[in-house]
Amino acid sequence: MSIPVEHVVVLSALLFLVGAVGALVRRNVIVILMCIELMLNAGNLALVAFNRVWSATAEGAALHDGQVFVMMVIAVAAAEVAVGLGILLALVRNRDSLNVDDVSLLRW
Amino acid sequence: MSRVLDVAALAPLGFVALGAMSILLLEVALSRRPNPEGVAATRSPGPAARTRIGTLLAFAASGALVLAIYAACYLFEAGLQSDFGPGRPLLQLDALSSFAIALIGLGALFSVWLSITYLPAMRILHGEYYALLLLATAGMFVMVSAVDLVALYLGLELASLPTYALAGFNRRKLRSNESALKYFLVGSFTSAVLLYGMALLYGATGHTDFAGISRGFEGGGGLALAGLALMLAGLALKVAAVPFHQWAPDVYEGAPTSVTAFMAVTGKAAAFVVLLRFLVLALPELGDRVEILLAVLAALTMGIGNLMALIQDNVKRMLAYSAVAHAGYLLVGFAAGSAEAWTAVLFYLIVYLFMTVGVFCCVVALAQGGREWDSIDDFSGLAGRRPALAALLTLFLLSLAGIPGTAGFMGKFYLAVAAVNADQIALVLILVATSLVSVFYYLRLPVAMYMRRVRHGEPPETSTSEMVVLALCAAAVVYLGFFAQADPAGMGIRALDLAGRAADFLH
Amino acid sequence: MSFEALLFYAFGFLALFSALAMVCFVRHVVAGAMSLVVTMVSLAGIYVLLHAELVAVVQILVYAGAIVVLFLFVIMLLDLRDGGLGAPPRGQNLVKGVGVGGTVLIGAWLVASLSGVFAVEPLSAALPDGFGGHRAMGLALYGDKVLLVELSGLVLLAAIVGAVVLAMRGSE
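Chains as they are written, first to last, in the working numbering: chain A, 0 to 107; chain B, 40 to 546; chain C, 57 to 228.
Below, the structure is given as C-alpha cells:
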C-alpha cells in the first residue's frame, strides 16, 4: 500500500487541532463535547497508524498495543459522554441555557 | 516473574472496587421496605432512616479503605514489589506506589468521615456518593501504580469521571451544576490532550510501557518531545499549575465541601506521584532538560496562586488559590531534582494532607440546613461561640502559611533545603517571599473570628466524626511540626523516613 | 496511485471536511452531530485500510452508533427553544476563512516537516495473518492485558452510577 504514514499522522494532527480550536472557540456545551470527541478520535487515528508502523518490529503480545489502547479509549469516550450529558441535564433543569457564557455564577 | 495473576499487587485496588460495588448493592437492600401489599419494593425511606443508612454505608466505605491502607502498609513494610502481568507489567506495586496508595487512602478515609454529617446537613444524602468516592479512589490507586500508558489513562479517567459527578452532587444547586460542568469540560479536554501526547509517545518509541518508552526515547526526536510536552501540559492542568489553573477556584467553590477536600488532597497527591514516576523513573535523562521549565512553572505558580488568594472573599476560593500555590511549592522540589528533593516532595504531600483536610473539616463542621458558611464574613466572631473550632482552624491556617512550630513549616523547610543544595537559590527566595505574602490572607480568617462581632446565629454542634478528623489532623500537624525536632525517634522523623524510603525507590 | 491510497485520501478529506463543518459552518446542533457521524464513519474506513478491522467495526458500533445517538437523544430531551447555537459568531465569514485557510496551511507545514521522521518504512511491511482481526484482538485483550478490560469495566460502572445520580429527578 502506498500511503505514507506521515500523511495519516498529519490527518490526525489536523483533526486534533480542529477539535481543540473548536472546543476553545464554540460556546455551546454540546458542540464543545463533540469537539472533544473529535480530539479523542484524532488520538485514536494516530494510535492505529502508529500500531501499523510498529507492527513491523513488535512481536507476540505487543503486536496490538496501539489497537488495544484504541479499544480502551472508545470505552472511556462512551463513559465520558454519558457523564457529561448527565451533568448537562442537571444543569438545564436548573437553568434554561446551554451557552457556556451563561454559566456565570462562577466567573469563567 | 512468571505468575500471571499476582493478587498482592491488586489487593488495595480490589478492596476499594469491591467496596464500591457492595455499597451500591447494600443501599438497595437497606432501602427496601415492604409496602402495604406486602410485596417488597423500593420506596424512599424517611429522612431519619436515610441518615442511618448513610452512616452505615460510610462505615462500609471506611472498612474498604482501611483494608486497602492496611494492605498498602503491609506491602510497604515488607518491601515487596509485585508486578501484575507476565513479562510487561501494567501495574507495579513498589515502595512509591504503596506509599502513595496509603496516603490517598487516608485522604479518602477522611473525606468519608467528613461526609457523614455534612451530606444530611446539605440535604444531598444518597448512597451512591460513597460508591463514587471509592471508585475515584480506585482510579487514583491505578494512576499511582501504573507503569503503562494505557493503565495510566484508564486510571486517570476512573479517577476523574466519578469526581465530575461528585462535584455536581448537589444537583439542585446551580453552583454545584456549574462546577461539575466546568470541571468536566476542562477535565475531558485535558484527557484528550494527554491521550494525544500518549499516542505520539507510542509512535516515537513503539511501546506503551514506561520501561519500553525509556529505552526507545533516545531515538525519538521531535515526535517524542512533542508527545511529552502534550502529556506534561495535561498533567499540569490536572494539578492546576499556573498557566492552566483558572478552573480550580470555580470548581472548588461550587462543589460540596467534602468533595472539594477530596479533590484537593487526593487528586494532588495522585497527580504528583504520577509526575514523579514518569519524569524520574521513566525518563531520567530528561530531568536536566526540563529543569529550567519546571523552575519557571514553580515560580509562576507560587506567585500567581498566592497573589490571587489575597483578593478572595470566599473561603473555598481562597483555599483553591492556596492549593495552586502549594502545587508551586511542590514543583520547587521537582525543579531541584535530587533524591533529597523527592523525599521532601513526598513528605510535603503527607503534611499537606493533614493541614488541608483540617481546614476543610472546619468549613464542613459549620454547614447546616442546606447552606454552609463559606464567606470570610461568615466566620466573624466564631471564637466566642466555638473557641475550640476557631483555635484549630487557626492552627491549620498557620500551618498552611508555614509558621515555625507547625508541620507546614517543616515541609517547606525540607523543600527549601533541597532546593538550596541543588543551587536553586532564586526559587527558595520566591518560596520564602510568597509564603510571607500568604500569611496575610491566611490570617484574615483568624482576624475575623477573634476580632470581629458575631454576624450569624448559633453554629451547629460539631459531630463525633468531625471531631475525630479534627483531632487526628491537629495532632499530626503539631507532632510533625514541633516534636519532630525534639524527638528524633518520633513520628516526624518516621514520616520523613517513610517518605525517604519511598523516594529511595526512585534512584 | 493505488486504489487503496485513493480511498485513504477520499476518506481523509471527508473526515477533515466534516470536522471543519462541525466547528466552522454548522448552525444547528443536530447538523453538527450528523457531521460528527460522517467523520467517525470516514475514520472507520481509514482503520480498515490500516488493517484494524475490529477497531473499525467497534468505531462504527460505539461511536457512530451509541455515542452520537446519545447526543441526539439528549438534544431532543432538552428540546432547545432556539433550536441551536444561538447567535452566530461575529464575523462568520472570517471564522470560516481563517478555519479553512489555517487548516490547509498547518497541514502543508506538517506534511513538509514530518516527512522522513519515521525511520522504519513500515506500511508496506508484511503482516502476520489475521492482524487486527477479532481473533488476534481478542487474544490480545483477554491475554496479558485482561486487567485493562476489567479497569474499563470499572470506568463504565462509575459512569453509569454518576450519570444516574446526576440525571435522576429528585424524590426527596
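No residue lacks a Cβ here, since even glycine has one placed at the ideal position from N, Cα and C.
For clarity, every value in this text was computed on a predicted model and none was experimentally measured.
Please classify residue i: does DSSP put it in a helix, a strand, or coil?
i	result
Asn27/A	strand
Asp289/B	helix
Arg410/B	strand
Ala294/B	coil
Asn353/B	strand
Leu405/B	coil
Asp248/B	strand
Asp417/B	helix
Leu132/B	strand
Arg71/B	strand
Asp187/B	strand
Ile102/C	helix
Pro443/B	coil
Phe256/B	coil
Ile62/B	helix
Arg214/B	helix
Lys201/C	coil
Leu267/B	helix
Please go through the same chain and pick out, in chain order, the residues whose beta-carbon is closer than 6 Å to the beta-carbon of residue i, but skip the five residues on each side of it.
i	result
Ala383/B	Gly372, Tyr453, Leu454, Ala457
Ala308/B	Leu142, Ile143, Leu388
Arg214/B	Gly293
Arg162/B	Gly409
Arg89/B	Leu164
Leu128/C	Ala89
Leu32/A	Gly83
Alpha carbon to alpha carbon, what distance is there between residue j and residue i?
i	j	result
Ala75/C	Val183/B	36 Å
Gly199/C	Arg191/C	12 Å
Val335/B	Leu267/B	18 Å
Asn460/B	Met90/C	59 Å
Gln463/B	Ser377/B	12 Å
Gly242/B	Leu314/B	21 Å
Leu318/B	Glu330/B	11 Å
Val130/C	Ala215/C	16 Å
Tyr109/B	Phe54/B	10 Å
Ile86/A	Glu292/B	17 Å
Phe15/A	Asp248/B	24 Å
Val52/A	Gly344/B	44 Å
Ser208/C	Leu475/B	46 Å
Val493/B	Ala122/C	56 Å
Ala250/B	Leu325/B	14 Å
Val20/A	Phe81/C	14 Å
Phe49/A	Asn43/A	10 Å
Ala366/B	Val304/B	11 Å
Leu411/B	Gly306/B	Correcting the residue identity first, residue 411/B is Glu in this sequence and not Leu. Going by the C-alpha atoms only, they are around 23 Å apart.
Can you list, in chain order, the residues of its chain with a C-beta nearer than 8 Å to that of residue i? Leave out the 5 residues immediately preceding and following it.
i	result
Leu62/A	Ser54
Leu95/B	Leu65, Leu69
Ile116/C	Met96, Val97, Ala100
Which same chain residues end up closer than 7 Å to residue i when comparing Cβ atoms and leaving out the 5 residues on each side of it in sequence?
i	result
Ala212/B	As written in the sequence, residue 212/B is Lys, which differs from the Ala given in the question. No residues qualify anywhere along the chain.
Ala338/B	Leu466, Ile469
Leu20/B	Beyond the ends of chain B as shown, which are 40 and 546, falls residue 20/B; an answer cannot be given.
Leu110/C	Gly188, Gly189, His190, Met193
Val47/A	Gly65, Gln66, Val69
Leu39/A	Val72, Ala76
Leu509/B	Gly397, Cys400, Leu431
Ala108/C	Gly188
Asn552/B	Any answer about residue 552/B is impossible in this case: the structure gives chain B only from 40 up to 546.
Which residues of chain E have a Cβ atom closer than 8 Å to the Cβ of residue i, listed in chain order?
i	result
His246/B	Note that chain E does not occur in the displayed structure, where the protein chains are A, B and C.
State yes or no: is the C-beta of residue i nearer than 6 Å to some heavy atom of the ligand SAM?
i	result
Thr244/B	As for the ligand SAM, it is missing from this structure, which has no ligand bound.
- Message: Pairs of beta-carbons, one from the region 129 to 147 of chain B and one from the region 186 to 196 of chain B, closer than 8 Å: are there three or more?
- Response: Contact holds: three or more Cβ-Cβ distances are below 8 Å.
- Query: Between the region 348 to 362 of chain B and the region 280 to 289 of chain B, do at least 3 Cβ pairs fall closer than 8 Å?
  - Reply: These segments touch.
- Can you find at least 3 beta carbon pairs, one from the region 62 to 70 of chain C and one from the region 87 to 107 of chain C, that sit closer than 8 Å? Here the region 62 to 70 of chain C makes contact with the region 87 to 107 of chain C; the two share three or more CB pairs at distances below 8 Å.
- Message: Quick check: the region 386 to 403 of chain B against the region 430 to 439 of chain B, are at least 3 beta-carbon pairs closer than 8 Å?
- Response: Taking 8 Å as the limit for Cβ pairs, the verdict is that the region 386 to 403 of chain B does touch the region 430 to 439 of chain B.
- Check whether the region 216 to 233 of chain B touches the region 75 to 88 of chain A, counting contact only when three or more Cβ pairs, one atom from each stretch, lie closer than 8 Å. Contact between the region 216 to 233 of chain B and the region 75 to 88 of chain A is established, with three or more Cβ pairs separated by less than 8 Å.
- Task: Within the region 479 to 524 of chain B, note down every full alpha helix (DSSP H) run reaching 4 residues or more, in order along the chain.
- Result: Given a length threshold of 4 residues, each whole run of the alpha helix (DSSP H) inside the region 479 to 524 of chain B is given here in chain order: 483 to 490, 503 to 517.
- Take every Cβ of the region 86 to 102 of chain B, pair it with every Cβ of the region 157 to 170 of chain B, and state whether three or more of those distances are shorter than 8 Å. Touching, yes, given that three or more Cβ pairs across the two stretches are closer than 8 Å.
- Query: Touching or not, the region 408 to 418 of chain B and the region 487 to 498 of chain B, by the rule of three or more beta carbon pairs under 8 Å?
  - Reply: Touching, per the Cβ criterion.
- Message: Using 8 Å as the cut-off, can you tell me whether the region 1 to 14 of chain A makes contact with the region 197 to 209 of chain B, which would need three or more C-beta pairs spanning the two stretches below that distance?
- Response: Contact between the region 1 to 14 of chain A and the region 197 to 209 of chain B is absent, because fewer than three Cβ pairs lie under 8 Å.
- Task: Counting only runs of 4+ residues fully inside the region 158 to 211 of chain B, write out the alpha helix (DSSP H) ranges in chain order.
- Result: Counting only runs of 4 or more, we get 167 to 184, 188 to 206.
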